[in-house]
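Q: Here the sequence shown is numbered in my numbering, starting from 1 and rising by one per residue.
Backbone N, C-alpha and C fix where the C-beta goes; we use that ideal spot for every residue, glycine too.
The structure follows.
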Amino acid sequence: MTDMTEFGTPNFRRVGDAAIVLECATLGAAAQRRLWGLGSAARNWPHVREAVVGAGNLTLAFERDRVSYEALRDELARAWKDASDTAARGRTTEIPVHYDGEDLQTVADACEMRSDDVIALHAAGNYIVAFVGFLPGFAYLDGLDTRLHLPRRTQPRTRVPAGSVAIAGAQSGIYPFDSPGGWHIIGKTAVHMFDPGREPAALLQPGDAVRFVAV
């Protein structure tokens, strides 16, 4: 178990009448893993309706007739202290990608390399789902090679096609739906990232490992 001084004391805040947010005092991979473990455990609490892991935070929707905000806050604080930061990774998913995105050459130019080098670096990465957000099924993937780190586009697009594989900052992601977006599109996949008829509906969950395969 990691010394708790590494994580500090989390902050709590109430959202509406039946949700609580735990916010980490410090950010990092170990703290994020601890959130995965705590979120997984909280989903089994009888008074919790939903647990959503975010970037450095965990949101719980709870049953007001079964637990008070104050009682749940205290329960979360105890559970956070005892949670493991060595939670096992989830399953590994391979995503086939056609690396023909409209920003591929722009990314190559910005990184001072060939487009084939961008493809090779992106496909070689070992990615972990840090959290899911922005859109249902949009997984923020840590593990992007530092040589591909770029700020978001200065001019976001009003429509990014579903299945677009993109990068921004230190992360990669896949757009689950047609939507606006400011990430750099380097490829596309036919894999459905979100299916309401599937359980769970989002293909990727926090802690899952992801590999991209060039096709």
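How many angstroms separate the CA atom of W45 from the CA atom of T158?
A: The count along the sequence shown starts at 1 and reaches residue 45 at position 45. The count along the sequence shown starts at 1 and reaches residue 158 at position 158. Approximately 40 Å, taken between the alpha carbons.
Q: Could you give the uninterrupted runs of the beta strand (DSSP E) lying entirely in the region 107 to 180, keeping only those of 3 residues or more?
A: If we require 3 residues or more, the beta strand (DSSP E) runs fully inside the region 107 to 180 come out as 127 to 132, 139 to 142, 157 to 160, 164 to 168, 171 to 174.
Q: Along the chain, where does the beta strand (DSSP E) containing E94 start, and where does it finish?
A: Position 94 of the sequence shown holds residue 94. Where E94 is concerned, the enclosing beta strand (DSSP E) stretches over 92 to 97.
Q: How about H184 and R152: do their beta carbons lie closer than 9 Å?
A: Your numbering for residue 184 matches position 184 in the sequence shown. Your numbering for residue 152 matches position 152 in the sequence shown. Taking 9 Å as the Cβ cut-off, H184 and R152 qualify as a contacting pair.
Q: Just checking, does the region 93 to 103 make contact with the region 60 to 68 on the three C-beta pairs under 8 Å criterion?
A: Because the criterion of three Cβ pairs below 8 Å is not met, the region 93 to 103 and the region 60 to 68 do not touch.
Q: For R64, name the three-state secondary structure that DSSP assigns.
A: Here residue 64 is taken as the residue at index 64 of the sequence shown, counted from 1. Of the three classes helix, strand and coil, the one that applies to R64 here is coil, per DSSP.
Q: Would you kindly work out how many angstroms separate the C-alpha atoms of E102 and V165, rounded to a whole number?
A: Within the sequence shown, residue 102 is the residue found at index 102, counting from 1. Within the sequence shown, residue 165 is the residue found at index 165, counting from 1. Approximately 11 Å between the Cα atoms of the pair.
Q: Do you know how far the Cα of A139 is from the Cα of L204?
A: Locating residue 204 in the sequence shown gives position 204, where the first residue counts as 1. Locating residue 139 in the sequence shown gives position 139, where the first residue counts as 1. Going by the C-alpha atoms only, they are around 6 Å apart.
Q: On the DSSP bridge list, what partners appear for I185?
A: Reading the sequence shown from its first residue, position 185 is the one you call residue 185. DSSP, once it has assigned bridges, lists A166 as partnering I185.
Q: Indicate whether Y127 and D142 have their beta-carbon atoms separated by less than 9 Å.
A: For the purposes of this step, residue 127 is taken as the residue at position 127 of the sequence shown. For the purposes of this step, residue 142 is taken as the residue at position 142 of the sequence shown. A contact, by the Cβ cut-off of 9 Å.
Q: So the candidates are D17, G182, A30; which of them puts its Cα closest to the Cα of S68?
A: Here residue 68 refers to the residue found at position 68 of the sequence shown. The shortest Cα separation from S68 among D17, G182, A30 belongs to D17.
Q: To the nearest angstrom, how far is the alpha carbon of R211 from that of A29?
A: Numbered from its first residue, the sequence shown carries residue 211 at position 211. Numbered from its first residue, the sequence shown carries residue 29 at position 29. Each residue's Cα considered, the two are about 19 Å apart.
Q: Check whether the region 108 to 122 touches the region 195 to 209, counting contact only when three or more Cβ pairs, one atom from each stretch, lie closer than 8 Å.
A: Not touching, per the Cβ criterion.
Q: Measuring straight from C-alpha to C-alpha, what distance separates P10 and T106?
A: Counting from 1 along the sequence shown, the entry for residue 10 is found at position 10. Counting from 1 along the sequence shown, the entry for residue 106 is found at position 106. Those two C-alpha atoms are separated by around 41 Å.
Q: A51 by DSSP, collapsed to three states: which one?
A: What you label residue 51 is simply residue 51 of the sequence shown in a count that begins at 1. In the structure shown, A51 sits in a strand (DSSP, three-state: E or B).
Q: Give a yes or no on whether the C-beta atoms belonging to W36 and V53 are separated by under 9 Å.
A: Within the sequence shown, the letter at position 36 stands for residue 36. Within the sequence shown, the letter at position 53 stands for residue 53. Contact: yes.
Q: I believe G125 touches L144 by the beta-carbon criterion, under 8 Å. Please report the beta-carbon distance rounded to the nearest angstrom.
A: Here residue 125 is taken as the residue at index 125 of the sequence shown, counted from 1. Here residue 144 is taken as the residue at index 144 of the sequence shown, counted from 1. Confirmed, about 6 Å.
Q: Does D116 pass the burial test, meaning 16 or more other C-beta atoms within 10 Å, or should it be called exposed?
A: What you label residue 116 is simply residue 116 of the sequence shown in a count that begins at 1. When all chains shown are included, D116 counts as exposed.
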